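Undergrad:
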Amino acid sequence: MTRVVVVGSGMGGLAAAARLSTQGHQVLVVEKSSTYGGKLARLEQDGFVFDTGPSLLTLPAVYRDLFVKTALRRRGASLEDNVDLVAVDPAFHYRFPDGTEVSVPNASRSGTANALDEALGPGAGGQWTALIDHAAAVWQVTRTPFLERPLTGPMDLVRKSIRVRDLRTVAPLTSLRRIGRRYLTDPRLRMMLDRYATYTGSDPRRAPAALVVVPYIEQTFGAWHIGGGLADLARAIYERCVERGIEFRFDAPVTQVLIDGTKASGVVLADGQRLAADIVVANIDATHLYRDLVPLEHSGSALGRLRGATASSSAFTMMLAVRGRTPDLAHHNVLFPADYDAEFDAMFGSSLSPVADPAVYVCAPDDPRMRPDDDHQGLFVMVNAPRHVAAADDPNTAAGPGVDWRAPGLSQAYADRVLQVLAARGLDLRERLLWRHVRTPADLEAATGSPGGSIYGTSSNGPRAAFLRPANQSPVAGLFLVGGSAHPGGGLPLVGMSAEIVAGLIGPA
Ligand SMILES: Cc1cc2nc3c(=O)[nH]c(=O)nc-3n(C[C@H](O)[C@H](O)[C@H](O)COP(=O)(O)OP(=O)(O)OC[C@H]3O[C@@H](n4cnc5c(N)ncnc54)[C@H](O)[C@@H]3O)c2cc1C
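No gaps in the numbering here: position 191 of the sequence shown is 680 in our numbering, and each next residue is one more.
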């Protein structure tokens, strides 16, 4: 039996652990914090329950597959047996700077087209549908070779897209912004599309046109909630792992990956304990792995590639406990600014700063399990934010451009600013606010070990971005990477897919 140590119990680590155990490996998960889930975390206080990370589940098929494939018995095997999966309808409600609003129904092409025609004017629905048709073709071409299989080297991408017609469909040198311009004339539709670049922490002006698959996936396979909060998905996979006999050690930060010759042979914990392993699977951010845990002589080329990429953006979030309910809010709401490009300049331009007039996402789940009673409501508010880079004297911080989110007074002043922005866009919550929890990119970095609080490791900015994303197999034999900073990318579906890829690379015990 092979001994596998999984470093980190985020969704990638949990999913990989469950799959590897099913393949007959003896699995131990070591986690620096006191619980599982990583970024898929929750906050509970005074009867309010908040998802502090993901609040939208797409492509649940990835987790359906995980539950069925890792079950010990048929009864209680499925995803739906283990969590309360709920379709969210409407999927999204958008408010544009000119005051127009549109509710996009869940998983309905014609419904979406009609809603767009009605809200934005005749023809808008047709333009969006044409874009989604194009996205469907990109999905067909990219899904298996790029998302479901490992990336074994830079030339791999080229080899895999060798068919010229497929290359033309993917348009690797075109940006998401440009493909939007090709299909959409209405600036509001273009804003809707641009926002999907932020699902990979990227700038639509530099992210590849292939990201058009993100709205396609959302619209085709639906937008989902999990009763009680999305973090319940982490609970369910953790329980599946425990049921399979996987051992967990919490409050156990790993400080080093042991390498014997050229092969990974275990890990060292912060208290000096050495844990021997035949295989190490790192679910931690790839930069943290290669910069901090693997000796430079083994990590050099991988680290060099990472340093050549732009880090993904982070998020500034607020958990708001509110008196009363807000009937005109849908489950997922986006309130756009007048100048959306100013947001991307603030995050990826030459001088980074908190976004002065950001697009604001408000998640208002109508879920009785997430509020103390029907007279109160918990709202999750998120705006995109540049990553955290602390003052030069802090040794534990990311290098490169960013904002010092620990600067005195900044986080609370910015929280006030975001509430003011919401009020200016017609959603004034200030009078009804009981309390708020504020989380900056610095807090995200501290909680999850992602340098600067970057949510997705490296961004998709630039045509070379896919080449710079770390592969699942490291340069060190027996050391694998799973999770949002490695191939194929971040977000719950891709992280789940990366676990499947890693389990496939390692194979049965
Ligand atoms: C605010 C926010 C909103 C998001 N919204 C969505 C959404 O709506 N939909 C969606 O699909 N995705 C969303 N995401 C992205 C999604 O959360 C991530 O892509 C995914 O959860 C990442 O999982 P992971 O397994 O890669 O890593 P992580 O969740 O980062 O887990 C890594 C784990 O490793 C541990 N660790 C780190 N260093 C060490 C060490 N040295 N030793 C031991 N353990 C260590 C960490 O504590 C953590 O538990 C969001 C993320 C954030 C932050």
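Glycine residues also receive a C-beta, built at the ideal position from the N, C-alpha and C atoms. Treat the numbers as computed from the prediction; the structure is a model and nothing was measured.
Tell me, please, which residues DSSP counts as bridged to Ala874.
TA: Ser803.
Undergrad: Quick one: residues in its chain with C-beta nearer than 8 angstroms to the C-beta of Lys558, no 5 flanking neighbours on either side, listed in chain order?
TA: Correct list, in chain order: Arg508 and Thr511.
Undergrad: Taking the C-alpha atoms as reference points, what is the distance between Leu908 and Asp917?
TA: Rounded to whole angstroms, Leu908 to Asp917 spans 7 angstroms at the Cα level.
Undergrad: When the Cα atoms are used, what is the spatial distance from Gly789 to Asp692?
TA: Using only the alpha carbons, I get a separation of about 28 angstroms.
Undergrad: State the Cα-Cα distance for the pair Met644 and Met986, rounded to the nearest angstrom.
TA: Confidence is the limiting factor: at Met644 the pLDDT is only 49, short of 50, which leaves the residue's position unreliable, though a coordinate-based value still follows. Each residue's alpha carbon lies about 21 angstroms from the other.
Undergrad: Ligand 1 heavy atoms versus the CB of Asn603: any closer than 8 angstroms?
TA: No, ligand 1 has no heavy atom inside 8 angstroms of this Cβ.
Undergrad: Hey, is Asn777 close to ligand 1, as in C-beta under 8 angstroms from one of its heavy atoms?
TA: According to the sequence shown, residue 777 is His rather than Asn. Yes.
Undergrad: Which parts of the segment 553-605 are runs of the alpha helix (DSSP H), unbroken and 4 residues or longer, counting only runs that do not cross its ends?
TA: DSSP runs (the alpha helix (DSSP H)) wholly in the segment 553-605: 568-571.
Undergrad: Whose C-beta lies closer than 7 angstroms to the C-beta of Ala619 among residues of the same chain, with five residues either side of it excluded?
TA: Result list for Ala619: Tyr672, in chain order.
Undergrad: Using the Cβ count rule (16 or more neighbours within 10 Å means buried), how would you classify Asn873?
TA: Classification for Asn873: buried.
Undergrad: What is the DSSP secondary structure of Ser529, reduced to helix, strand or coil?
TA: Reading the sequence as shown, one finds Leu at residue 529 and not Ser. It is coil, neither helix nor strand.
Undergrad: Taking Thr689 as the reference, which of Tyr945, Ser840 and Phe635 has the closest Cα?
TA: The candidate whose alpha carbon is nearest that of Thr689 is Tyr945.
Undergrad: To the nearest angstrom, report how far apart Val757 and Val516 are at their CA atoms.
TA: For Val757 and Val516, the distance between alpha carbons rounds to 16 angstroms.
Undergrad: Is any non-hydrogen atom of ligand 2 found closer than 8 angstroms to the C-beta of Pro543, if you look at the structure I gave you?
TA: Here the bound small molecules are ligand 1; ligand 2 is not part of this structure.
Undergrad: Between the segment 600-610 and the segment 911-930, do at least 3 Cβ pairs fall closer than 8 angstroms?
TA: The segment 600-610 vs the segment 911-930: no contact.
Undergrad: Measure the alpha-carbon distance for Ala660 versus Asp749 and round it to whole angstroms.
TA: Answer to the nearest angstrom: the Cα atoms are 43 angstroms apart.
Undergrad: Among Thr947, Pro952 and Gly718, whose alpha-carbon lies nearest the alpha-carbon of Asp573?
TA: Measuring from the Cα of Asp573, the nearest candidate turns out to be Gly718.
Undergrad: Exposed or buried, which one is Gln962 when buried takes at least 16 other CB atoms within 10 Å?
TA: Flag for Gln962 reads buried.
Undergrad: When the Cα atoms are used, what is the spatial distance from Asn822 to Gly761?
TA: Cα to Cα, the separation comes out at about 47 angstroms.
Undergrad: Could you tell me the distance, in whole angstroms, from the CA atom of Val746 to the CA atom of Ala791?
TA: Roughly 15 angstroms separates the two Cα atoms.
Undergrad: Hey, is Ala974 close to ligand 1, as in C-beta under 8 angstroms from one of its heavy atoms?
TA: It is Ser, not Ala, that sits at residue 974 in the sequence shown. Yes, since a heavy atom of ligand 1 falls inside the 8 angstroms radius drawn around the Cβ of Ser974.
Undergrad: Can you list, in chain order, the residues of its chain with a C-beta nearer than 7 angstroms to that of Ala506? Leave out the 5 residues immediately preceding and following it.
TA: The answer, listed in chain order, is Val495, Val516, Val518, Cys730 and Ile735.
Undergrad: Roughly how many angstroms lie between the CA atoms of Leu827 and Phe539, to the nearest whole one?
TA: Note on identity: in this sequence residue 827 is Ala, with Leu being the wrong assignment. Using only the alpha carbons, I get a separation of about 29 angstroms.
Undergrad: Residue ranges of each beta strand (DSSP E) run of no fewer than 3 residues wholly in the segment 742-796, ordered along the chain?
TA: You should have 743-749, 752-758, 763-765 and 768-771.
Undergrad: Just to confirm the assignment, what range does the beta strand (DSSP E) spanning Arg925 have?
TA: Run containing Arg925: Leu922 to Arg928, per the beta strand (DSSP E) assignment.
Undergrad: Taking C-alpha atoms, which residue in Asp893, Ala504 and Gly711 lies nearest to Ala992?
TA: Checked all of Asp893, Ala504 and Gly711; the closest Cα to Ala992 is Ala504.
Undergrad: Taking only the alpha-carbon atoms, compute the straight-line gap between Arg492 and Met500 and give it to the nearest angstrom.
TA: Roughly 20 angstroms separates the two Cα atoms.
Undergrad: Just curious, the alpha helix (DSSP H) that Glu732 is in, first and last residue?
TA: That run of the alpha helix (DSSP H) goes Ala720 to Glu732.
Undergrad: Can we say the segment 978-985 touches the segment 550-566, given the rule of at least three CB pairs closer than 8 angstroms?
TA: The answer is yes - the segment 550-566 touches the segment 978-985, with three or more Cβ pairs under 8 angstroms.
Undergrad: According to DSSP, simplified to helix, strand and coil, what is Arg671?
TA: Here Arg671 sits in helix by DSSP.
Undergrad: Tell me, please, which residues DSSP counts as bridged to Phe833.
TA: For Phe833, which the question treats as bridged, DSSP gives no partner whatsoever.
Undergrad: With DSSP run on the structure shown, which of helix, strand or coil describes Gln1005?
TA: The structure shown has nothing for residue 1005, since the chain only spans 490 to 998.
Undergrad: So, using beta-carbon positions, are Leu555 and Trp713 closer together than 9 angstroms?
TA: No; because the gap between Cβ atoms is not below 9 angstroms, this pair is not in contact.
Undergrad: CA-CA distance, Leu636 and Pro847?
TA: Going from the Cα of Leu636 to the Cα of Pro847 covers about 31 angstroms.
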